[in-house]
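Below is one structure; the comments refer to it alone.
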Amino acid sequence: MKKKKLEELLKFMEEHGLVELEIKKPFYHIKLRKACSDELKPVSVSRPEAEIKKEQEKEEELENKRYHEIRSPIVGTFYRAPAPGAEPYVKEGDTIKKGQVLCIVEAMKVMNEIESDISGTVVKILVENGQPVEYNQPLFLIEPSD
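In this text, residue positions in the sequence shown follow the UniProt record's numbering: the first is 1, and each later residue adds one.
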């Protein structure tokens, strides 16, 4: 391979930010690797203080209040609605009654309806639709009604 062709390949690597380039042809095989002389430097990412403070307040609020957890009685797959495309049983902020169906946990092709054991308000849904859940895993946070 000619020097000019090598220089073109090196320029190509530089322009495209490549660290390594390998070319295999029937009559030759070339592997170019850029020496890493640049030190990796840490990059700091800052977030607005107001955003951080809001998150902290939200977390503190959840920790300070004593919410009731609805937990999964079995291992399975969590579904918020009775069927794909259907409205979810409950949403965050909904008022619920004792015995109301909150979700389904599918286990071994059996759809198990999970009911609330208290009346109150759904504060947070802790699991995404279609996600696997473990035995005794918290599914919902409920603020009990007085």
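Virtual Cβ for every residue (Gly too), placed ideally from N, Cα, C.
Contact between L141 and K124 holds, with the beta-carbon distance rounding to 4 Å and staying under 8 Å. Taking 4 residues as the minimum length, the region 105 to 130 contains no alpha helix (DSSP H) run wholly inside it. Separation of the CB atoms of K31 and M13 is rounded to 12 Å, and the pair is thereby denied contact status at 8 Å. Counting along the chain, the unbroken alpha helix (DSSP H) around F12 starts and ends at K3 to H16. In this structure, Y67 places its C-beta atom within 8 Å of the C-beta atom of E143. The beta carbon of Q131 lies closer than 8 Å to those of T77 and F78 in the same chain, with the five residues before and after it left out.
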